[in-house]
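A.B. asks: Got a structure for you, questions after.
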Ligand code: NAD
Ligand code: GLY
C-alpha cells in the first residue's frame, strides 16, 4: 500500500493530507515543520503508550530543540476547559514561544482540544494533526474546526484554525476496538449519503471487511472521505453555506450526546442514529421516498451502530437541539436529503420533528 497525498485548497492556508502506512515515522513534511522549533505532542496515555515513542523519535530527529508531551484525560467528557488549560499550563511552564508547533496525536477529542489550544495560545500557533482513530482520519482531523464542549451543547466553544499538515497513518487503525471502528464508519456513511452515492454503495458492499479492520478497504475509504471533506471545506471553509451539509445527522446526534452525558454515546454512534432520524424527517417532509431512509437505516445497523435514540420525550430533544450551532434564535435547523448525494439545510414543522423523534427513539 502506498501513501496517498491530497490537498485542502485554501490559498495560503492550504495543506496536505497524507494517508497511508508508516507515516508515524515522520517524513519530509513533518521534518520541515518541526525543524528548529519547540514541539508539543498533545495526546492521551493510551495513544501515547501505543504510538508516542515513534512520533517523538520522528520529531526528535527533525528538531533537536525542546519537545514535550502533554497527556490529556481520555474521553469525550474531557473535551473541556480543564483539558484545554492543562495544555496552556504545560506550554507556559516549558516557556513555549509563538513559533512553537503543536502536534495532536490521537482521536477527535485530542485533535479538537489541541487544535483549539493552537488557535488561541499566544493568539495562534501552528499545529499538525496525527489522527489515530478512523473517525479522526476520515473527518475530524481535516477542515480546521476546533472546539471544546459546554455542558449545554457540543462544540460550543471553539475556533476555525487549519492545521499545517494531516498525517493519517492507517497502520494505527489496527489497534482500534470494534466500537471505535463502527463510530468512524458512521462519518464515512455520512460522506456517501450527502455527496457520493457510489461511495455509499462501496461502503455497503464492503461493510464486513471494514468492520473486520481490512487495511486496504479502510485506507481506500479514508482517502475517499478525505477527498469529499477537503472539497467541501475548500469551497466553504467557515460554513457560510455548503459546509453545513457535513453536519448531516448532527442536529439530532449532538442532542443525544449532550443529553445522555458526554462519553455515554460515542460521537459516531450519535451521528449514526442522527442520520436515521434526519432521513426519516426528510421523508416526512416529502423530500425523498421511503426507500432512502430504509436503506440508510440498514447501512447504519450493518455498521454496528445504534438506529434508535434514547426514549426521551420529544420536548427534551427539541430543547437540546435549540442549542445547536445551526439553530437560529433557538429554532433548530436540520441537514436533510433531497436525494442520496444531495443535502439541504432547513427548519421543519414541529409536528413532523416530533413524529420523527417518536418513530426513531426507543419506546418510553
Ligand atoms: P476519541 O478521540 O475519544 O477516541 C476514541 C477512543 O479511541 C479514545 O478512547 C482514544 O484513547 C482511543 N484511541 C485513539 N486512537 C487509538 C488507536 N489507534 N488504538 C486504540 N485506541 C485508540 O473519539 P473520536 O471518535 O476519534 O473523536 C470524536 C470527537 O471528534 C468528538 O468530540 C467529535 O465532536 C469530534 N469531531 C470533530 C470534527 C471536526 O471537524 N473537528 C468532526 C467530527 C468529529
Ligand atoms: N464535522 C463537520 C465539519 O467539519 O464541518
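In this note's numbering, the protein residues as written are 1 to 364. The beta carbon of each residue, even a glycine, is placed where N, CA and C say it ideally should be. What you are looking at is a predicted structure, and each value in this text was computed from that prediction instead of being measured.
Apart from the five residues just before and just after residue 333, which ones in its own chain have a Cβ nearer than 6 angstroms to its Cβ?
C.D. replies: Translated into the one-based positions of the chain shown, residue 333 becomes position 333. Result list for residue 333: 326, 345, 347, in chain order.
A.B. asks: Taking just the CA atoms, how far does residue 250 sit from residue 203?
C.D. replies: For this step, residue 203 is matched to residue 203 along the chain shown. For this step, residue 250 is matched to residue 250 along the chain shown. One C-alpha to the other measures close to 20 angstroms.
A.B. asks: For residue 82, tell me which candidate among 117, 60, 45 has the shortest Cα-Cα distance.
C.D. replies: Reading the chain shown from its first residue, position 82 is the one you call residue 82. Ranking 117, 60, 45 by Cα distance to residue 82 puts 117 first.
A.B. asks: Where do the ends of the alpha helix (DSSP H) carrying residue 85 lie?
C.D. replies: Walking along the chain shown from the start, residue 85 turns up at place 85. Residue 85 -> alpha helix (DSSP H) spans 81-93.
A.B. asks: Could you tell me which residues DSSP pairs with residue 316 in its beta bridges?
C.D. replies: To locate residue 316, count along the chain shown from 1; it is residue 316. The partner list for residue 316 (beta bridge, DSSP) is empty, contrary to what the question assumes.
A.B. asks: Within the present structure, is the beta-carbon of residue 267 separated from the nearest heavy atom of the ligand NAD by less than 7 angstroms?
C.D. replies: Residue mapping note: residue 267 aligns to position 267 of the chain shown, counting from 1. True, at least one ligand heavy atom lies under 7 angstroms from that Cβ.
A.B. asks: Can you tell me which of the three DSSP states residue 20 falls into?
C.D. replies: Here residue 20 refers to the residue found at position 20 when the chain shown is read from its first residue. In this structure, residue 20 counts as strand in the three-state DSSP scheme.
A.B. asks: What did DSSP end up calling residue 74 once you bin it into helix, strand or coil?
C.D. replies: Walking along the chain shown from the start, residue 74 turns up at place 74. Note: residue 74 maps to coil in three-state DSSP.
A.B. asks: Could you pull out every residue in the same chain whose Cβ sits closer than 8 angstroms to the Cβ of residue 258, ignoring the five residues on either side in sequence?
C.D. replies: Here residue 258 refers to the residue found at position 258 of the chain shown. The answer, listed in chain order, is 149, 151, 152, 153, 154, 320, 323.
A.B. asks: Who are the near neighbours of residue 46 in its chain, counting only those whose CB is closer than 7 angstroms to its CB and skipping five residues on each side?
C.D. replies: Reading the chain shown from its first residue, position 46 is the one you call residue 46. Result list for residue 46: 74, in chain order.
A.B. asks: Looking at C-alpha atoms only, which residue of 227, 194, 235, 107 is the closest neighbour of residue 175?
C.D. replies: In the chain shown, residue 175 corresponds to position 175, counting from 1. Nearest C-alpha to residue 175: 107.
A.B. asks: Does the ligand NAD have even one heavy atom less than 7 angstroms from the beta-carbon of residue 89?
C.D. replies: Position 89 of the chain shown holds residue 89. No, the beta carbon of residue 89 sits no closer than 7 angstroms to any heavy atom of the ligand NAD.
A.B. asks: Can you give me the Cβ contacts of residue 76 inside the same chain, cut-off strictly under 8 angstroms, excluding the 5 residues immediately before and after it?
C.D. replies: Position 76 of the chain shown, counted from the start, is the residue given in the question as residue 76. Same-chain partners within the cutoff: 109, 149, 257, 262, 263, 266, 267.
A.B. asks: Report whether the distance from the Cβ of residue 46 to the nearest heavy atom of the ligand NAD is below 7 angstroms.
C.D. replies: In the chain shown, the residue the question calls residue 46 occupies position 46. Residue 46 Cβ: within cutoff of the ligand NAD.
A.B. asks: Output needed for residue 278: all residues of its chain with C-beta closer than 8 angstroms, excluding positions within five of it in sequence on either side, in chain order.
C.D. replies: Residue mapping note: residue 278 aligns to position 278 of the chain shown, counting from 1. Cβ within range, chain order: 248, 249, 251, 252, 334, 335, 336, 337.
A.B. asks: Using 7 angstroms as the cut-off, classify the Cβ of residue 180 as near or not near the heavy atoms of the ligand NAD, replying yes or no.
C.D. replies: Taking the chain shown and counting its residues from 1, one reaches residue 180 at position 180. Yes, Cβ of residue 180 sits closer than 7 angstroms to a heavy atom of the ligand NAD.
A.B. asks: Would you say the beta carbon of residue 82 is closer than 7 angstroms to some non-hydrogen atom of the ligand NAD?
C.D. replies: In the chain shown, counting from the first residue as 1, residue 82 sits at position 82. Outside the cutoff, so no.
A.B. asks: Would you tell me roughly how many angstroms separate the C-alpha atoms of residue 25 and residue 214, rounded to the nearest one?
C.D. replies: Here residue 25 refers to the residue found at position 25 when the chain shown is read from its first residue. Here residue 214 refers to the residue found at position 214 when the chain shown is read from its first residue. Taking the straight line joining both Cα atoms gives about 22 angstroms.
A.B. asks: Note the first and the last residue of the continuous alpha helix (DSSP H) segment covering residue 146.
C.D. replies: For this step, residue 146 is matched to residue 146 along the chain shown. First-last for residue 146: 145-150, but that is the beta strand (DSSP E), not the alpha helix (DSSP H).
A.B. asks: Taking C-alpha atoms, which residue in 56, 305, 79 lies nearest to residue 112?
C.D. replies: One-based indexing of the chain shown puts residue 112 at position 112. Ranking the options by Cα distance to residue 112, first place goes to 79.
A.B. asks: If we count Cβ pairs, one from each stretch, closer than 8 angstroms, do we get three or more for the region 90-107 versus the region 53-72?
C.D. replies: Output reads yes: the region 53-72 touches the region 90-107.
A.B. asks: Determine the extent of the beta strand (DSSP E) in which residue 197 is found, giving its start and end residues.
C.D. replies: Taking the chain shown and counting its residues from 1, one reaches residue 197 at position 197. Per DSSP, residue 197 belongs to no beta strand (DSSP E); it is in the alpha helix (DSSP H), 197-205.
A.B. asks: Could you check if residue 224 is buried or exposed, using at least 16 other CB atoms within 10 Å of its CB as the buried criterion?
C.D. replies: In the chain shown, residue 224 corresponds to position 224, counting from 1. Buried, since its Cβ has 16 or more Cβ neighbours within 10 Å.
A.B. asks: Out of curiosity, what's the CA-to-CA distance linking residue 228 and residue 244?
C.D. replies: The residue given as residue 228 occupies position 228 in the chain shown. The residue given as residue 244 occupies position 244 in the chain shown. Approximately 13 angstroms, taken between the alpha carbons.
A.B. asks: Following the continuous beta strand (DSSP E) through residue 4, name the residue where it begins and the one where it ends.
C.D. replies: Looking up residue 4 in the chain shown gives position 4. Start and end: 4-8.
A.B. asks: Please output, in chain order, the residues near the ligand GLY using a CB cut-off of less than 6 angstroms to any non-hydrogen atom of the ligand.
C.D. replies: For the ligand GLY, the selected residues are 139, 143, 145, 243, 246, 247.
A.B. asks: Exposed or buried, residue 1, counting other C-beta atoms within 10 Å across all chains shown (16 or more means buried)?
C.D. replies: Counted from its first residue, the chain shown places residue 1 at position 1. So residue 1 ends up on the exposed side.
A.B. asks: If you drop the 5 nearest sequence neighbours on each side, which residues of the same chain put their C-beta closer than 8 angstroms to that of residue 307?
C.D. replies: Within the chain shown, residue 307 is the residue found at index 307, counting from 1. Here the set comprises 272, 273, 276, 297, 300, 301, 360.
A.B. asks: To the nearest angstrom, report how far apart residue 23 and residue 131 are at their CA atoms.
C.D. replies: The count along the chain shown starts at 1 and reaches residue 23 at position 23. The count along the chain shown starts at 1 and reaches residue 131 at position 131. Straight-line Cα distance between these residues: approximately 11 angstroms.
A.B. asks: Write down the C-beta distance between residue 144 and residue 105 rounded to the nearest angstrom, noting that I regard them as a contact closer than 8 angstroms.
C.D. replies: In the chain shown, the residue the question calls residue 144 occupies position 144. In the chain shown, the residue the question calls residue 105 occupies position 105. Rounded, the Cβ-Cβ distance is 18 angstroms, inconsistent with contact.
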